[in-house]
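Each number in my numbering corresponds to the 1-based position in the sequence shown with 7 added.
For every residue, glycine included, the Cβ atom is placed at its ideal position computed from N, Cα and C.
Since we're looking at a predicted model, the values are computed, not measured.
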Amino acid sequence: AFNNLPKLTTLYLVDNKLENFNSSWFYKTPAVHLIMLGQNRLRKIQRGAFINLPAIEALDLNRNLIEFIHKDAFIGLRNLWHLNLAENKLKSFDCNFYAPTTLEEIDIRNNNITYISDEVLDVIRSALMLLTIDDNPLQCACLDKVMEWSDAFNIRVPQKELQGSSPICTVPKTNPNQ
């Protein structure tokens, strides 16, 4: 689809009713640094989905139907600094980001995420400045952990109490394992 386009730098495929994304579409397109895939019908992101696009700096996958992201979906993206997965149907955020990561901004607001692993938090913290998690039914223990982590490493986790969209705690703090 976009093969052999060595000067292509930006790809704007917003609102195209795309149901899948295939890394083979981008053979020999090494200069792409921005991909906008928002408002499509993507349901999953496969392993190495962006392997042929090593220069990606910003990846926008917001407002799709994404329920599954393979742990190694973002393998090879050493320059990625902005990742937008907002307004999808994710239940977890457990992707492998390989240290040292360049991620500065991650937006996972308005999904169904209940848990973010310690491993993910440890790897993404090296460059991260902003983590947006509003409107997710996070387990209370996880929400507390993320907030303590953000304070410890000076990472902004916006809370929009005034708009009624702050991170949501779904399990009582007295017994977070139930």
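7 Å CB neighbourhood of residue i in its chain, flanking five on each side removed
| i | result |
| --- | --- |
| Lys-35 | Asn-10, Asn-11 and Pro-13 |
| Asn-184 | The pLDDT assigned to Asn-184 is 49, lower than 50, so where the model puts this residue is not dependable; a value taken from the coordinates is nonetheless given after this. Result list for Asn-184: empty, nothing under 7 Å. |
In DSSP terms, what residue i is bridged to
| i | result |
| --- | --- |
| Leu-66 | Ile-42 and Leu-90 |
| Glu-112 | His-89 and Leu-137 |
| Leu-54 | Correcting the residue identity first, residue 54 is Arg in this sequence and not Leu. Answer by DSSP bridge pairing: none, since Arg-54 is not bridged. |
| Phe-100 | Ile-123 |
| Thr-17 | Leu-41 |
Sequence-distant residues of the same chain with beta carbon closer than 6 Å to residue i, five excluded per side
| i | result |
| --- | --- |
| Glu-64 | His-40, Asn-86 and Trp-88 |
| Gln-53 | His-77 |
| Leu-91 | A quick correction: the sequence has Asn, not Leu, at residue 91. Excluding sequence neighbours, Asn-91 sits near Asp-67, Asn-69 and Asp-114. |
| Met-43 | Tyr-19, Val-21 and Asp-67 |
| Trp-32 | Ala-8 and Phe-9 |
| Thr-17 | Leu-41 |
| Lys-51 | Phe-75 |
Beta-carbon spacing of residue i, residue j below 8 Å
| i | j | result |
| --- | --- | --- |
| Asn-71 | Asn-95 | yes |
| Ala-134 | Leu-110 | yes |
Best match in the options for proximity to residue i [C-alpha to C-alpha]
| i | options | result |
| --- | --- | --- |
| Leu-68 | Ser-31, Phe-57 and Ala-62 | Phe-57 |
| Asn-143 | Ala-159, Phe-75, Ile-123 and Ser-30 | Ile-123 |
| Ile-82 | Asn-29, Ile-113, Gly-55 and Asn-59 | Gly-55 |
| Ile-115 | Asp-22, Ala-148, Ala-93 and Val-153 | Ala-93 |
| Leu-15 | Lys-24, Ser-30, Ala-62 and Ala-80 | Ala-62 |
| Arg-163 | Cys-147, Phe-75, Glu-112 and Cys-149 | Glu-112 |
| Ile-150 | Tyr-105, Asp-125, Arg-132 and Phe-75 | Residue identity check: residue 150 is Leu in the sequence provided, not Ile. Measuring from the Cα of Leu-150, the nearest candidate turns out to be Asp-125. |
Contact belief for residue i with residue j at Cβ below 8 Å, rounded distance in angstroms
| i | j | result |
| --- | --- | --- |
| Lys-98 | Asn-117 | Not quite, the Cβ-Cβ distance comes to about 13 Å (not below 8 Å), so this is no contact. |
| Val-127 | Phe-100 | 6 Å |
| Leu-60 | Glu-26 | Wrong, their Cβ atoms sit about 19 Å apart, outside the cutoff. |
| Asn-47 | Asn-23 | 6 Å |
| Ile-73 | Thr-108 | At roughly 20 Å, the Cβ-Cβ gap does not stay under 8 Å, so Ile-73 and Thr-108 are not in contact. |
Beta-carbon proximity list for residue i, same chain, < 8 Å, skipping 5 on both sides
| i | result |
| --- | --- |
| Pro-165 | Leu-137, Thr-139 and Asp-141 |
| Leu-145 | Ile-120, Thr-121, Tyr-122, Ile-123, Val-153, Pro-174, Ile-175, Cys-176 and Thr-177 |
| Glu-6 | As shown, the chain starts at 8 and ends at 185. That puts residue 6 outside it, with no answer to give. |
| Leu-84 | Phe-57, Leu-60, Pro-61, Ile-63 and Leu-66 |
| Gly-45 | Val-21, Asp-22, Asp-67, Leu-68, Asn-69, Arg-70, Asn-71 and Asn-91 |
| Ala-38 | Pro-13, Lys-14, Leu-15, Thr-16 and Ala-62 |
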